[in-house]
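So the protein sequences, as listed, match chains A and B.
All residue numbers for the first sequence refer to my numbering, where the first residue is 16 and numbers rise by one.
All residue numbers for the second sequence refer to my numbering, where the first residue is -7 and numbers rise by one.
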Amino acid sequence: MSLFLPSLIAVLLAAVAAGVVGVLAVSNRMVSLGGGLAHAAYGGVGLAFLTGWLPLPTTLAFTVGAAFLVAWLSERVPDRAETLLGVVWAMGMAFGVICVDLAPGYAGDLQAILFGSLLAIPRIDLWALAIADLLMIVLAWKYRRGLMGVALDPEFAEVSGFPVRWFRRGLLVALSVSVVLLMRVTGLVLLVALLSIPGALGVRWGRGLGGAMAVAGGFAAVFGVLGLSMSWWLDLSTGACIIAVAGTTYLLATLVPARR
Amino acid sequence: MSPGAPSFAVRFEAVSAGYGGRTVLENATLSLPRGGILGLIGPNGSGKSTVLRLILGQLAPRTGVVEVLGGPPRQARTRVGYVPQSLALERDLPVTVQDLVESGFLGLGSPSGGIDRLQRSRARDWVAKLGLEKVAGRRLSDLSGGQLQLALVARALVREPELLLLDEPTANADSRAEGTVFSLLEECCRDRTGIVVSHDIGVLSRNVGSIACVGAGKIVHHGGSELPLDALEEAYGCPVDLIAHGHPHRVLPHHDGDSCGHHHGTPRP
């Protein structure tokens, strides 16, 4: 039980981030970007492993840098945004692999980065997740109308003189933070599902942006608890169990009409 | 602007603009006085959207000057209302008609996008004025094309703009919604300026006071609702017959191997 409780706290904290940022990612069609950043983040993990720098801030800085690189390149070559994302995605991973190759010692812990591991999750990661959740809730509430307007019709928002570019940059940072913090729960390979499935369900059944985030967070919490329990009793990988529950629910949900 | 010079809603002075290696407007000139509604017609790809993008400050001219409400387009953004084509919207989001109309205040007040009680009340008034009260709480995905178009017009009008730009505002609307949109525009544009872009000259000639034609890199504007035939022919790049003069007007092109689309009619003898 001493291992189960921190894991339970971790999935519940992760559910908040997945709910808030997932709805924003789905609404702004940034899910692919989230998936790309999750993989590019491996470059930060490798860099921290090679240099001995603190993993969390190193990975976070690397991921934010990758996000802004994609955004900067996409603004210059908008027709090739998808290709550019693919390139940054692959280059981040390649950089991480090379760093690990160059680093002395055994890289066993990196398996947890790829596929998630809630066992023995560092307490500092839980605190970081809790603080990030709080910040995201406060900021999403304060800027909810602007966020909704930008998601709904970015062209109208821009020609109306609204600072769309700053909102997009804020979203990139929020997405990068979520990617890095949720990596522990599902691993970077499966992370895109945690960013997209609860968000898509929230958008489908929520009322308003806040309602969608609440619904998405609720779904993410249920997926987390069920997946964790399944993993605990069947001795399976937690991240894979969470995503199996989420994916099954989403597929079943497509049979139910959306909210009118 | 020199003192005593006339105040224009929109002024293009020898404007050239385009994308990449393609030039869409070349040395185009337009002086649109304040007040009234201008219809902007032209064939597909003629540059109607480019004119809108220049006015909205989304595109900078390569040469020449664009002035909107007496200054650079970007400085006029808070005084301009824009009704885009409804296809540009993300209709699947959890957003109601009331939310959509309230989003018209973006850029006018709080940098967070928040609105105050007065603005919320003004949005409600516009929702009612456009006959959308019954669907105010519905999601956008549940609206008909005409209802969505009216909601987009309401979103632009809550800004109380001095210049209103509408891009194909009746493309998805039935004749009733078209009537509502244009009678509202007529009422609103007594003390402001409207520019309506449409490929349908019939809709425009029924509803606007003056028409400009965009084509062959130029903007032809004579101030009235009738355009000379040679201007239409130059813009559309083919012979044009104007028949059934009255209501509705019809533009019929010559069809022997010409490149005009979206028109029906008989060849001119």
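Glycine included, each C-beta is placed from N, C-alpha and C at the ideal position.
Just so it is clear, the structure is predicted and the values come from calculations on it, not from any experiment.
{"Query": "Minimum C-alpha distance to V60(B) - residue among L155(B), V195(B), I193(B), E170(B)", "Result": "L155(B)"}
{"Query": "8 Å CB neighbourhood of L75(A) in its chain, flanking five on each side removed", "Result": "G59, S191, V192, V195"}
{"Query": "Members of the region 67 to 83 of chain B near chain A, C-beta cut-off 8 Å", "Result": "R69, T70, V72, Y74, P76, A80, L81, E82"}
{"Query": "Extent of the continuous alpha helix (DSSP H) to which E214(A) belongs", "Result": "A quick correction: the sequence has Gly, not Glu, at residue 214(A). Taken as a continuous stretch (DSSP letters only), the alpha helix (DSSP H) holding G214(A) covers 206 to 220."}
{"Query": "Boundaries (first-last residue) of the beta strand (DSSP E) holding A9(B)", "Result": "0 to 11"}
{"Query": "First and last residue of the uninterrupted beta strand (DSSP E) at H213(B)", "Result": "210 to 213"}
{"Query": "Min CB distance F234(A) to chain E below 7 Å", "Result": "The structure shown contains no chain E; its protein chains are A and B."}
{"Query": "Within chain B, partners of S42(A) - CB distance below 8 Å", "Result": "E82, L85"}
{"Query": "Residue-chain proximity (R242(B), chain A), Cβ-Cβ < 7 Å", "Result": "Low local confidence applies: a pLDDT of 47 at R242(B) is under 50, so the model's placement there is unreliable, with the coordinate-based value given in what follows. Not one chain A Cβ lies under 7 Å of R242(B)."}
{"Query": "Residue closest to V174(A), alpha-carbon to alpha-carbon, out of V2(B), Q90(B), A9(B), I47(B)", "Result": "I47(B)"}
{"Query": "Whether G254(A) touches F130(A) by CB criterion (7 Å)", "Result": "yes"}
{"Query": "C-alpha distance - P240(B) paired with L32(B), whole-angstrom precision", "Result": "For P240(B), the predicted model reports a pLDDT of 46, less than 50, meaning its position is unreliable and no value from the coordinates is stated."}
{"Query": "Min CB distance S95(B) to chain A below 7 Å", "Result": "yes"}
{"Query": "Chain A contact residues for I107(B), given Cβ-Cβ distances below 7 Å", "Result": "R160"}
{"Query": "Contact with chain B by Y265(A), beta-carbon distance below 7 Å", "Result": "no"}
{"Query": "Candidates D84(B), E82(B), V75(B), A163(B), of which the one nearest P153(B) by Cα", "Result": "V75(B)"}
{"Query": "Helix, strand or coil at C345(B) [DSSP, three-state]", "Result": "Nothing about residue 345(B) can be reported from this structure: the residues present for chain B run from -7 to 261 only."}
{"Query": "Close beta carbons around I113(A), own chain, < 8 Å, minus the five adjacent residues each side", "Result": "G61"}
{"Query": "Beta bridge counterpart(s) of P25(B) as assigned by DSSP", "Result": "F0(B)"}
{"Query": "Test item: CB-CB of A53(A) and L206(A) under 7 Å", "Result": "yes"}
{"Query": "Same chain only: Cβ atoms within 7 Å of L262(B), ignoring 5 sequence neighbours per side", "Result": "A question about residue 262(B) goes unanswered here, because the residues of chain B that appear run from -7 up to 261."}
{"Query": "Best match in L100(B), R14(B), G123(B), G27(B) for proximity to A143(B) [C-alpha to C-alpha]", "Result": "G123(B)"}
{"Query": "Anticipated Cβ contact below 8 Å, A155(A) with L162(A), distance rounded", "Result": "7 Å"}
{"Query": "Contacts of L92(B) in chain A (Cβ-Cβ under 8 Å)", "Result": "L167"}
{"Query": "Per-residue burial, G37(B) [other beta carbons within 10 Å of its own, 16 or more giving buried]", "Result": "exposed"}
{"Query": "Closest by C-alpha distance to G107(A), when choosing among G232(A), A56(A), P213(A)", "Result": "A56(A)"}
{"Query": "Residue nearest to I211(B) in terms of C-alpha spacing, selected from R198(B), G39(B), R26(B)", "Result": "G39(B)"}
{"Query": "Proximity test, Cβ basis, 7 Å: G37(A) and chain B", "Result": "no"}
{"Query": "Beta-carbon neighbours of S104(B), restricted to chain A and to distances below 8 Å", "Result": "K157, Y158, R160, G161"}
{"Query": "Residue interval of the beta strand (DSSP E) (run including H158(B))", "Result": "The question names His, yet the displayed sequence has Leu at residue 158(B). Start and end: 155 to 159."}
{"Query": "Reduced DSSP secondary structure (H/G/I, E/B, other) of L30(B)", "Result": "strand"}
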